[in-house]
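Counting in the working numbering, the sequence shown runs from 2 upward without gaps.
Positions of the beta carbon are idealized from the N, C-alpha and C atoms, including for glycine.
So the structure is just underneath, and the comments pick up after that.
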Amino acid sequence: MEKFIDHCCEKCFNSEEERCDQFVECCLSGPLCHENEECAAMRQAIIEKLAHSPGYLKH
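Okay, structure coming up:
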């Protein structure tokens with residue numbers, strides 16, 4: 002997983018055919034539909050990477 006739109010694992014079902022109502026919240030503080038420390042750590046790594054981007058706080 003390298004982007005927010007990437008599935009964290011095989012349990013993530015968000016797709017064009019079946020949207021997750023909590024997808025954005027899940028990307029920021031998830032996973033919400035299952036417990037997985039590895040998925041949570043990967044999401045946090047993306048958040049930290051973006052937080053250090055020069056344009057992150059400008060939008």
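So, does the segment 16–23 touch the segment 38–51, judging by three or more C-beta pairs under 8 Å? These segments do not touch.
Return helix, strand or coil for residue 30, following the three-state DSSP convention. If you number the sequence shown from 1, residue 30 lands on position 29. Helix at residue 30.
Any chain D beta carbon closer than 8 Å to residue 44: Looking at the structure shown, chain D is missing, and only one protein chain is on hand.
Proximity of residue 42 and residue 32 at Cβ, strictly below 8 Å: Within the sequence shown, residue 42 is the residue found at index 41, counting from 1. Within the sequence shown, residue 32 is the residue found at index 31, counting from 1. In this structure, the beta-carbon distance from residue 42 to residue 32 does not fall below 8 Å.
7 Å Cβ shell around residue 35 - same chain, five flanking residues per side excluded: For the purposes of this step, residue 35 is taken as the residue at position 34 of the sequence shown. In its chain, beyond the 5 residues on either side, 12 have a beta carbon closer than 7 Å to the beta carbon of residue 35.
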